[in-house]
Amino acid sequence: MDRQDVIIIGGGVIGCAVARELSAYDLRVLVLERDEDVCSGTSKANSAIVHAGFDAKPGTKKAHFNVEGSRRTRALAEELDFAYRPNGALVLCFSEEEREQIKELYQRGLENGLSEEEMEILTGEEARLLEPAISKETVCALHAKSSAIVCPFELTVALAENAAKNGVQFRFLSEVSGIERLPDGRFTVTCADGARFESRFIVNAAGVNADTIHNLVSKELLSITPRKGDYLLMDKEVGSTVSRTIFQLPGKLGKGVLVTPTVHGNLLAGPTATDQDDRQNTATTAAELADVQTRGRLSVPDLPLKQVITSFSGIRAHEKNGDFVIGECADAKGFFDAAGIESPGLSAAPAIGQYLAKLIGEEAKAAKKTDFDGSRKGIPHVALLSDAERAALIAENPDYAQIVCRCENVTEGEIREAIRRNPGARSMDGIKRRVRAGMGRCQAGFCTPRVMEILSEELGIPMEEVCKNRPGSELLVHEERQEEGGR
Amino acid sequence: MSGFTKGIETEHVGILVIGGGPAGLAAAVAAKKAGISDILIIERDRMLGGILNQCIHNGFGLHTFREELTGPEYAARFMKQAKELEIPYLLNTMVLSIDRDRRVAIMGRDCGLKTITADAVILAMGCRERPRGALSIPGTRPAGIYTAGTAQRLMNIEGFPIGRRVVILGSGDIGLIMARRLTLEGAKVLTVAELMPYSGGLKRNIVQCLNDYQIPLMLSHTVVNIHGRERVEDVTIAEVDEKRTPIPGTEVRYECDTLLLSCGLLPENELTRTLGASMCGVTGGANVDDLLQTDIPGVFACGNVLHVHDLVDYVSEEATLAGENAAAYLKGEVAARSEGIGITADGGVRYTVPQRIDPLSMRNEVTVRFRVADVYRDKTIAVYRGKTRLFARKTRVLAPGEMEQVKLDRKMLEGLTKDEGLRVTLED
Amino acid sequence: MAEKKELTCINCPLGCALTVTIDQNEITVTGNTCPRGEAYGKKEVTDPTRIVTSTVPVDGGDIARVPVKTASDIPKGKIFAVMESIHAVRVQAPVHIGDVVVKDAAGTGVDVVAARDVSVA
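Encoded structure:
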């Protein structure tokens, strides 16, 4: 049987962050991911905000890892070359009665470790000077200067690539179905396809299924409620409607509907918050999309809804106690949880990764690698390069001169590179997340046939096997006439 | 996109045509015939002909050639002319940016990165389809949702079957054509749902693509939900009221593996916008004068990038005019233009192209094309100069799916002033 | 006993709603605006015909498939038979516009011909 030191269950942003930090240690690390690619669950559909850290209740893990993670992300963006923009945030207050809550948030921020330089309370007028598109009803606002936006796909992929560069193995389409404890204290992990792996340590980063995984080994049960949120993404033409992330005062079910630019220049509004039983159901509903519109307009009355290019929804893993569950499981030595990671999970990920890697490294008494390389270069975005840089790149490889996705100006070179990386894109969605082909205003209308061809060529598979994401999501159907021998 | 860096190769041409589809080809041919020798067509696809390459059905060219051709045959006629006239073109080449001085940055595998300056530019980039996201259809996001044109390309150019049981939303022409195409290739087209109480497609397509194969057309219906995790499993269709809101209780689920969207076309004007040309909110194309010139001197527009046409014949006609006018502009035959007199569209006329006319320097006859907002019976198309009716034509049926036109005579407009104004309208 | 059929004329964008009455040997068309409508109505009830178009795989060409069409219209009832004959063939590049791809498709007496040129890759 394949023997590992650490098995990480889940290739989302948390699993990949842990993998990347663990790859600095002299340990055999394997990531098991249910889907065909990293960043396929909660990490792929969220608000893409690196929260400043004023929101979580002081003393909670959420508060601690948020503030740490947010600081760490800024440095990581340099090391791993992913899109990150410290754009700041405003929390709007629309009534005098709620003014106190803004003050509370400010205090909370201080308690959580933010400095006075990182926050200020603005009058409605001051807030509108910064962001003219916000509601005239704004009576005051908290300005969180250290809030930032990030591309969650690029962040996760960058962590995974850097982990792989330093020896971490990734196995996809590997849903964990069982964990057993061996007499010597090691674990055996069984996947749904029958593959079995032995490991000294397990990291549970299974997102919305982290309770199921945890409950396989522990009597202290976790319970995760899938909480769905719908979003609307708007065209780049209106991406600068606001330049900061615009929050409303938090409600019972989360931070409320936000309106924010994305690092790639679109405008995003959402999410709703609907608790559900189904852990896989990411269907948007007419009612929730309407809700995003209504509540988004409270902050930005002229939200350009005619420019919506797509809607999507994601599921947050809400643990019943409301906080992150991070650390070694009390009744299962060697089993480490990173569970209940809902917002601010994306912000916290780099800090959670560091924390768990350190714990495991110490417990394993592992040495640090001498040849660890913590840097990673992203795939060049030809659209963002200067003419001179483009010319140089094209001279090296003419594929970088061939635009495939017209809306986002993504070249064939970028798409091929996305597939050739480790771990590389295996599906249309994998390419979309890495290089944005199909992410633009025509939503893959033009580039679909060509991207399919490139995937087919690079992976050496017939066109009929090219998938949107998981197996079963083939874009074409097999020719029936041929199967019946009718030709 | 970044600006223009020194060191990147620069070339100069008389007329640069952006787009090698039916509009670009006709414009280039016309400009060459009008005596301009240095013309260059930039095409982003791997072949000339644009969307016609995938429109393998017949019905093209009845006006232009008096015969019924398929899309590729229609394109071949213009490609042959372009070849005979030795008009150069670049394939696999994308225009990245264009500025008001008509400096055009292009990029492609064969040409690398290059800047071309042109004395005149003809915009002929065509249009794209409205995607699912813009329609805000709720539900899951599985494989098996295609715009009709993408499906058409996969089937007709690459030859791949895209689905077995298909629901089509929108009765635009491509959707109707694809209903027949899928049926002929062995797929089952369950129904075509149309949000509006009328079809946006041509009559002949409803008859020959749906009626011939007993495919139902459900007017005032829309898709309200999409189901299926990996691949489409079924879609829910509901009837809509007069405000186009789904009526609760009318939902019916259709088991299918594919949803095709044929819900409208949008002129592809990203370049035109970066150029800073004045745009028309109704057409989604540039505002042009009677020479099809945008408000940026030397930049002309024609075909579906200007406004979405119903027949390619009109695209060719319009593009020919744009090519001739660009040639005249180069030869200095276009008199200094006034800002022109705007044409008002009202009474059910949604827009006109051109949007303005310069009565002093117009040609002897100008064709004004437009679309109407609804289905109208027994209306008269009328053109007014101030309070004077210049022109009237009775019609039996007008429909939004069909482009209409009126021709204006130079003599009619002699001495026309802004105060008088020009108006195209419908009346009883 | 007169039989009536409702048709939509397809000759022009007007799309006249035609009523075709078949009374023994006499066929009358009403609702048409022009003579083309009358001719269309009569033909649709006696001998409806269509052009069939599709694509055929090409070996050794610069494109994978060549569009094809019936050289003239064929009886409407023969559409699927003609499609079967089209599905049964492959062609070799080069192909020229007008080349016969299927001779006398499905016994209609009409050839299926190529609708574009395909050069050798």
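Residue numbers (my numbering), protein chains in the order written: chain C, 15 to 501; chain L, 15 to 442; chain Z, 342 to 462.
Heads up, the beta-carbon is just placed ideally off N, CA and C, and yes, glycines get one too.
CA-CA distance, N423 of chain C to E125 of chain C, rounds to 45 Å. Residues of the segment 473-487 of chain C that bring their beta carbon within less than 9 Å of a beta carbon in chain L comprise M477, E478, C481, K482, N483, R484, P485, G486 and S487, in sequence order. With distances taken between CA atoms, V45 of chain C lies nearest to C:V20 out of C:T276, C:L235, C:Y245 and C:V20. Shown in chain order are the members of the segment 192-211 of chain L whose Cβ falls below 7 Å from a Cβ of chain Z: L198. The beta carbon of G127 of chain C is closer than 6 Å to those of V81 in its chain, skipping five residues each way along the sequence. Following the DSSP letters along the chain, one finds P240 of chain C in no alpha helix (DSSP H) but inside the beta strand (DSSP E) bounded by residues I238 to M248. Between the alpha carbons of N101 of chain C and L272 of chain C lies a distance of about 14 Å. Cβ-Cβ distances below 6 Å link L54 of chain L to V27, L30 and P102 in the same chain, with the five nearest sequence neighbours on each side left out; the list follows chain order. S325 of chain C has its alpha-carbon roughly 12 Å from the corresponding atom of R455 of chain C.
In the structure shown, the three-state DSSP call for Y212 of chain L is coil. If you draw a straight line from the Cα of S375 of chain L to the Cα of K47 of chain L, it is about 22 Å long. For D401 of chain C, the closest Cβ of chain L is nearer than 8 Å. The C-alpha of Q183 of chain C is placed about 19 Å away from the C-alpha of R448 of chain C. Contact check for V432 of chain Z and A446 of chain Z: beta-carbon distance about 14 Å, past the 8 Å limit, so the pair fails to qualify. Residue pairing by DSSP puts K202 of chain L in a beta bridge opposite L:R179. Spatial neighbours of K117 of chain C in its own chain (CB-CB distance under 8 Å, excluding positions within 5 residues in sequence) are listed in chain order as I135.
Taking CB atoms only, D271 of chain L has a neighbour in chain C less than 8 Å away.
Pairing H241 of chain L with L281 of chain C, the inter-Cα distance amounts to about 27 Å.
Under the criterion of beta carbons closer than 8 Å, A177 of chain C and R34 of chain C qualify as touching, at roughly 4 Å. Rounded to whole angstroms, R114 of chain L and M293 of chain L show a C-alpha spacing of 15 Å. Fewer than three pairs of CB atoms, one per stretch, sit closer than 8 Å, so the segment 304-319 of chain C makes no contact with the segment 347-358 of chain C. At least one CB of chain C lies nearer than 8 Å to the CB of T154 of chain L. Between I371 of chain L and D303 of chain L, the gap from beta carbon to beta carbon is short of 8 Å. Across the structure, A406 of chain C and V396 of chain C are spaced so that their CA atoms are roughly 11 Å apart. Within the segment 383-446 of chain C, the complete alpha helix (DSSP H) segments of 4 residues or longer fall at 401-410 and 426-434, listed in chain order.
In this structure, the straight-line span from the alpha carbon of R435 of chain C to that of I393 of chain C is close to 9 Å.
Per DSSP, the continuous alpha helix (DSSP H) segment holding F167 of chain C begins and ends at P166 to K179. Between S57 of chain C and the set C:A378, C:A220 and C:R142, the nearest pair of CA atoms involves C:A220. The alpha-carbon of I63 of chain C is positioned some 12 Å away from that of A97 of chain C. Listed in chain order, the non-local C-beta contacts of T204 of chain C below 6 Å within the same chain comprise S191, G192 and R210, local neighbours out to five positions each way being set aside.
For the beta strand (DSSP E) assignment, the uninterrupted runs of no fewer than 3 residues enclosed by the segment 297-364 of chain C are, from N- to C-terminal side, 322-333, 339-343 and 346-353.
In terms of beta-carbon proximity, R391 of chain Z lines the interface with chain L, with at least one pair separated by less than 8 Å. Against chain C, the CB of I56 of chain L has no partner CB under 8 Å away; the residue lies outside that interface. Taken through DSSP and simplified to helix, strand or coil, T362 of chain Z comes out as strand.
Residues of the segment 297-320 of chain C that bring their beta carbon within less than 7 Å of a beta carbon in chain L comprise A297, T298, T299, A300 and L303, in sequence order.
DSSP, reduced to helix, strand and coil, places K421 of chain L within a strand of the structure shown.
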